[in-house]
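K.L.:
Before anything else, here's the structure in question.
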Amino acid sequence: MTWKDICDDDLSAMWKHMKDAFGLVEENKEYAMKQLQKQFRNKHHHLYKAYLQKKGRPHDVPPEDWNWLIHNKWNDSKLKERRLKNTASRSKKEIKSVIETKSIIQKAYEMKEELGSDEWPSAIDVWKDTRMRVDGTWCIPNGEEIMDNLKNVGEVYGEEIEKAHIPIIKHFQFVLGTKPSHFQGIGNISLAKRNVEKQLFQSQIHNAQKRAQDLELEVLKLSNIIQKQQETNMQL
2 MTWKDICDDD LSAMWKHMKD AFGLVEENKE YAMKQLQKQF RNKHHHLYKA YLQKKGRPHD
62 VPPEDWNWLI HNKWNDSKLK ERRLKNTASR SKKEIKSVIE TKSIIQKAYE MKEELGSDEW
122 PSAIDVWKDT RMRVDGTWCI PNGEEIMDNL KNVGEVYGEE IEKAHIPIIK HFQFVLGTKP
182 SHFQGIGNIS LAKRNVEKQL FQSQIHNAQK RAQDLELEVL KLSNIIQKQQ ETNMQL
């Protein structure tokens, strides 16, 4: 039986019992019933744990209720499917987890500033710096696995990563994925937004200047060709 299966008469009886026992008023009903629903679900959860761990019926649970729980609640195909999905989801989150309050991109920016360089540090260096202890062990269970993935991705997608505005973000995006409200899959960004925008703006300026220089060279080449052609025509 789920909470939704309880009839209105029984719910009213529960509320009356609580009201009389604790001296509650009508304004307390909604909150009190929510608490009762929570306790009801917790009881089911504890019974389920007892079933999994001991495979035995608790003494305070009647045999008919225990059998109903086993055959209707815990052997339900949808429940099993949901449990499998939850397990897979937890595993996926563990592989892609980025822990701590300071995000990877924040640490990368600090490393870049400390070096006084225009270049961002590599994803591998940042990962080691943020997730590896002094003794060489990892702070998270999947640290080594993510490190290997970063190396493999770097070999396969190195050219695409280097072309990105901020290569380290693209590199981590391949491995850690992209999450809603997260910056390119690198966790909650604590780096000030203006710093990222500044990097993107500087990159855009650099690209624009390079295109202008390339265009200037093309114009110069074309001018030389035209001049030579004119000189040739004059000699004819």
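Heads up, the sequence shown is in my numbering, so the first residue is 2 and it goes up one at a time. Note that the Cβ used here is the ideal one computed from N, Cα and C, for glycine as well.
Run through the region 8-59 for me and flag every whole alpha helix (DSSP H) of 4 or more residues, listed as ranges in chain order.
P.N.:
If we require 4 residues or more, the alpha helix (DSSP H) runs fully inside the region 8-59 come out as 9-23 and 30-55.
K.L.:
CB-CB under 8 Å to residue 25, same chain, minus the five flanking residues each way: which ones, in chain order?
P.N.:
By one-based count along the sequence shown, residue 25 stands at place 24. Here the set comprises 19 and 33.
K.L.:
Is the region 108-115 close to the region 148-162, with three or more CB pairs under 8 Å?
P.N.:
No contact exists between the region 108-115 and the region 148-162.
K.L.:
With DSSP run on the structure shown, which of helix, strand or coil describes residue 139?
P.N.:
As a first step, residue 139 is located in the sequence shown; it is residue number 138 there, counting from the start. It is a strand residue.
K.L.:
To the nearest whole angstrom, what separates the beta carbons of residue 105 and residue 175, a pair I think is in contact under 8 Å?
P.N.:
To locate residue 105, count along the sequence shown from 1; it is residue 104. To locate residue 175, count along the sequence shown from 1; it is residue 174. That pair is no contact at about 13 Å.
K.L.:
Taking all protein chains shown into account, decide if residue 151 is buried (16 or more other Cβ within 10 angstroms of its Cβ) or exposed.
P.N.:
Within the sequence shown, residue 151 is the residue found at index 150, counting from 1. Residue 151 is buried by the Cβ-count criterion.
K.L.:
Could you name the residues of the same chain whose beta carbon sits closer than 6 Å to that of residue 234, not counting the 5 residues immediately before and after it, in chain order?
P.N.:
As a first step, residue 234 is located in the sequence shown; it is residue number 233 there, counting from the start. If we look at residue 234 and ignore the five residues flanking it on each side, it has no Cβ neighbours.
K.L.:
Give the straight-line distance between the Cα atoms of residue 68 and residue 36, rounded to the nearest whole angstrom.
P.N.:
The count along the sequence shown starts at 1 and reaches residue 68 at position 67. The count along the sequence shown starts at 1 and reaches residue 36 at position 35. So the alpha carbons of these two residues sit roughly 26 Å apart.
K.L.:
State the beta-bridge partners of residue 133 as determined by DSSP.
P.N.:
Your numbering for residue 133 matches position 132 in the sequence shown. Partner(s): 139.
K.L.:
Determine the DSSP secondary structure at residue 167, reduced to helix, strand or coil.
P.N.:
Within the sequence shown, residue 167 is the residue found at index 166, counting from 1. Three-state result, residue 167: coil.
K.L.:
Are the CB atoms of residue 148 and residue 128 within a distance shorter than 8 Å?
P.N.:
Position 127 of the sequence shown, counted from the first residue, corresponds to residue 128. Position 147 of the sequence shown, counted from the first residue, corresponds to residue 148. Cβ atoms of residue 128 and residue 148: closer than 8 Å.
K.L.:
Mind checking which residues open and close the alpha helix (DSSP H) that includes residue 64?
P.N.:
Along the sequence shown, read from residue 1 onward, the residue named residue 64 stands at position 63. Taken as a continuous stretch (DSSP letters only), the alpha helix (DSSP H) holding residue 64 covers 64-69.
K.L.:
Could you tell me which of 16, 229, 125 and 12 sits nearest to residue 168, measuring between CA atoms?
P.N.:
As a working mapping, residue 168 is identified with position 167 in the sequence shown. Ranking 16, 229, 125 and 12 by Cα distance to residue 168 puts 125 first.
K.L.:
Considering just the uninterrupted stretch of the alpha helix (DSSP H) at residue 5, what are its terminal residues?
P.N.:
Taking the sequence shown and counting its residues from 1, one reaches residue 5 at position 4. From DSSP, residue 5 is part of no alpha helix (DSSP H); its letter is neither H nor E.
K.L.:
For residue 159, which of helix, strand or coil comes out of DSSP?
P.N.:
Position 158 of the sequence shown, counted from the start, is the residue given in the question as residue 159. In the structure shown, residue 159 sits in a helix (DSSP, three-state: H, G or I).
K.L.:
Can you tell me which of 134, 166 and 137 puts its alpha carbon nearest to the alpha carbon of residue 119?
P.N.:
Within the sequence shown, residue 119 is the residue found at index 118, counting from 1. Nearest option by C-alpha distance: 166.
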